[in-house]
Amino acid sequence: MERKELDMFLTDRTSSVKAKDSVKQDTEKLTNQVKINGTSIQVRPEENILSAALRHGIDFPHSCRVGGCATCKCQLVEGKVKELTETGYLLSDEELDNRYILACQSIPQTDVSIKVENKETIYGKVFQQKILTDEICEISIQLDTKLNFKAGQYVSLSIEGMEAERNYSIANAPNEKGIVRFIIRKVPNGKLSNYIFNESLVGKKAKVKGAFGNFYLRENKNPILMVAGGSGLAPILAILEQGILNGTKRPLTLLFGARKKEDLYKTNEIQKIEKIWKGKFTFVPILSEEPKNSSWKGERGLVTSKIKDHLTKDSEAYLCGPPPMVDAATKELLQSGIDKQSIFADRFTTIDHSLSLQIDDKKSRNKANFFDYLKFFLFHAVGLTSVVSLLMGGTYTTIGFFSLLFFYIVGDAVSGDDKSTPSYSKPEVLTLQLWMALPILSLIFFCSTWTVSPTDTLGFGSWLTDLFEYDFNLAKANTPTIVHFYAVILTGLMIGLVGTITAHELTHRTWDPISMFIGRWLLAFSFDTIFSIEHVYGHHRYVSTTEDPATAPRGRNVYYHILASTIKGNISAWKIEVKRLKRKNLSTISYHNAFLRGHLMSLCLVGLAYLIGGISGMFFFIAAGLFGKTLLEIVNYMEHYGMVRLPEEPVQPRHSWNTNKRISSWTMFNLTRHSHHHAQGEVAYQDLRPYPNAPMMISGYLTTIVVALIPPLWHYLMIPKVMEWDKKFASPEELELAKIANEKSGIEKLIASNKE
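The structure is reproduced here in structure tokens:
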């Protein structure tokens, strides 16, 4: 993942300089003191704790630096901090109760003291390497010194010969010999996992940093339910080994999911544990794709579908796997009456696992030139051109509307694809381009509402007439009704293009209060500020599953999807926000509720539209705003139509329809590169990769929108693409989900494809 430019931008803002000389300079600007595990450092005004720690040479755990991974979480022992992003969306109830914060998103308001998990760096050598299945490998490392960790925790691992560092759970209990074992899944195009799987490692040096995580067995007498799949069995084995050493007598059930019989591993070891466990021990392997005519007599299906069968009302659950699986299992447990305080999991995945469609980095990262910056200003030109056509009224508005359609549809058809990703040295210019959307959309809002006003509000028309010697008031008076209809559509297109698309980029920057402020106001024009909640914390987690309101199942009509996604999206956002407020001990009905606050922002704009254009101006804006919201749902429809994903698996580029059409990319801040965006939602738009081998849309965005509005044409063009996705992109597990989706679609060709 290319993070260079974004890191430079963040570094500039926080003055995070590695050189020790900088610590001594500008001492008069230093304000608060931070004590990190007893070591005191000074923090500059508006500098976050992580940046200050790195500036002072402290090896502080971190990864994304944008509040999206929680690697830098630490415990606030004393003092107060200003949090730049809502940690209630990311940290657990237990962590919030214990005053955990994100160092990269916390600015000290007083002198503070924090506690960071001790991170040891220990070296060793690989002494054993075993291939357990076609996709699972086990390695054993003899460390130079004993590693302090709890059974179930993970470390950061690197191996000699490969410049990559990844998080892996330790598969054995702590021991005096300093031996650690890891169970590693071979990830498509994963650098380290493929290296570990394919190369001879015995004798190679290894380095571990850690340990991390809260995934360990709690001390009580409750029955234990463990759910694992794939390499997620690793921390489970460590906990079981520790349980034997401790003489644990608690009843325990282990559900272990795999695809086929040959994908099961460590079953003999688990059966031995079953015999010597001092309490009742139940081991249930579950296969999701074992042929029906095989000799397998055990459980079949998804591992999460079997949870209810093995629960007791006081069970304590331990879940190990990627976030979607954890979420699906958690939902099942909560619905079954298990208290959320009795559910434990560790959530992490690797970048390589998320990005399975690779491109040539060296070929695509040339230094950005002047035109590379200028091309994104085409977005602003489209917005300002629309303002002119709206103000001039009559034929000019009609010409403006159809010219916009022509520009996108024909432009994308003839201009080809943009597959470049330049290296930008001035990312702040690109951020300014985004921020400029708010004044441009405000101008569009005022001018479009003015065109239906019964009066010349603020003398605006007269002022323009004197300035340009064109009678704008007369043009407004002579504009026929049909043209006002075009104006509503044109304004709605601008609300979607200038407002929603820009807000989509800005509201992913949860660490940046200015971007979040501008982004939410842009969304207010389409009555959709809930997007900043549901999209970031809901859609990106559940995309391409049945849990996601924005993912359209196969066979669904776009018009039904617009309504269904809008209603379910608002419900989802409300639930997410209420959950956050409860974690923060804040009242649901209060200013703190971003859901309610956002809708009030939209009501303010409705009132302003009334002041500008009276009743007609108010209804004009409402119609345009709702059309802008409709556009978002159409875009959601076409970005993930028919996609399926196993809830246990991370989101990958193949779970979104992509396009690299030049005009759409330049005027929509690379929203077109949706495959990379969903794999890594925190990446800035200029750094998104084209992924030319990802699943491709029909054409550019506006072309695809027009096609989606004609259901027979949509299904005629998309059915072959969906069938190709099943054959080319779907994993074996997803293929089973696809068959179910085909049956439910009611489309004969899709149903028939199940027999092929």
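Under UniProt numbering, residue 756 is the last one in the sequence shown; the count climbs by one each step, no gaps. All residues carry an ideal CB built from backbone N, CA and C; glycine is no exception. Given the structure is predicted, the values throughout are model-derived calculations rather than measurements.
- The criterion of a C-beta distance shorter than 8 Å is not satisfied by isoleucine 286 and serine 231.
- Phenylalanine 729 carries a coil assignment under DSSP once its states are collapsed to helix, strand and coil.
- The way I'd put it, the region 597 to 613 does touch the region 523 to 536; three or more beta-carbon pairs between them come closer than 8 Å.
- By the 16-neighbour rule on beta-carbons within 10 angstroms, leucine 217 is buried.
- Counting other Cβ atoms within 10 Å of its Cβ, cysteine 604 stays below 16 and is therefore classed as exposed.
- Under the 8 Å Cβ criterion, the region 92 to 107 does not count as touching the region 135 to 145, having fewer than three qualifying pairs.
- Shown here for valine 77: same chain residues with a beta carbon closer than 7 Å to its own, the five before and five after excluded, namely Ser113, Ile114 and Lys115 in chain order.
- Rounded to whole angstroms, valine 558 and glutamate 743 show a C-alpha spacing of 19 Å.
- When Cβ pairs closer than 8 Å are counted between the two stretches, the region 198 to 211 is seen to touch the region 156 to 169, the count reaching three or more.
- Contact fails between the region 682 to 696 and the region 707 to 715, because fewer than three Cβ pairs, one in each stretch, are under 8 Å apart.
- With distances taken between CA atoms, lysine 476 lies nearest to Thr455 out of Phe281, Thr455 and Gly178.
- A straight line joining the alpha-carbon of glutamate 47 with that of lysine 260 spans about 52 Å.
- The region 29 to 42 and the region 102 to 112 touch, with no fewer than 3 CB-CB distances between them shorter than 8 Å.
- Going by DSSP, methionine 226 is part of the beta strand (DSSP E) stretching over 224 to 229.
- Put simply, of Ala437, Val387, Glu120 and Ile501 the residue whose alpha carbon is nearest the alpha carbon of threonine 451 is Val387.
- Beyond the five residues adjoining it in sequence on each side, tyrosine 318 comes within less than 6 Å, by CB distance, of Met226 and Phe344 in the same chain, given in chain order.
- In the three-state reduction of the DSSP assignment, alanine 550 falls in the coil class, being assigned neither a helical nor a strand state.
- Annotation: the continuous alpha helix (DSSP H) that includes valine 483 extends over 481 to 494.
- CA-CA distance, isoleucine 224 to arginine 55, rounds to 44 Å.
- Taking the C-beta atoms as reference points, leucine 254 is found no nearer than 8 Å to isoleucine 276.
- According to the DSSP assignment, arginine 597 belongs to the alpha helix (DSSP H) that extends over 594 to 640.
- Restricting attention to Ser565, Pro513, Ser544 and Arg554, the CA atom closest to the CA of isoleucine 530 is found in Ser565.
- Residues Lys249, Arg250 and Pro251 of the same chain have their beta carbon placed closer than 6 Å to that of glycine 279, with the five preceding and five following residues left out of the count.
- Note that the C-beta distance between glutamate 505 and phenylalanine 669 is below 8 Å.
- Counting the other Cβ atoms within 10 Å of the Cβ of glutamate 639 gives 16 or more, which makes it buried.
- Annotation: serine 423 to serine 193 spans about 28 Å, alpha carbon to alpha carbon.
- DSSP links methionine 696 through a beta bridge to Asn658.
- When C-beta atoms of the region 463 to 475 are compared with those of the region 531 to 543, fewer than three pairs fall below 8 Å, so the two segments do not count as touching.
- Classified as buried, isoleucine 440 has 16 or more neighbouring CB atoms from the shown chains inside 10 Å of its CB.
- With distances taken between CA atoms, asparagine 478 lies nearest to Gly393 out of Met723, Thr457, Gly393 and Gln686.
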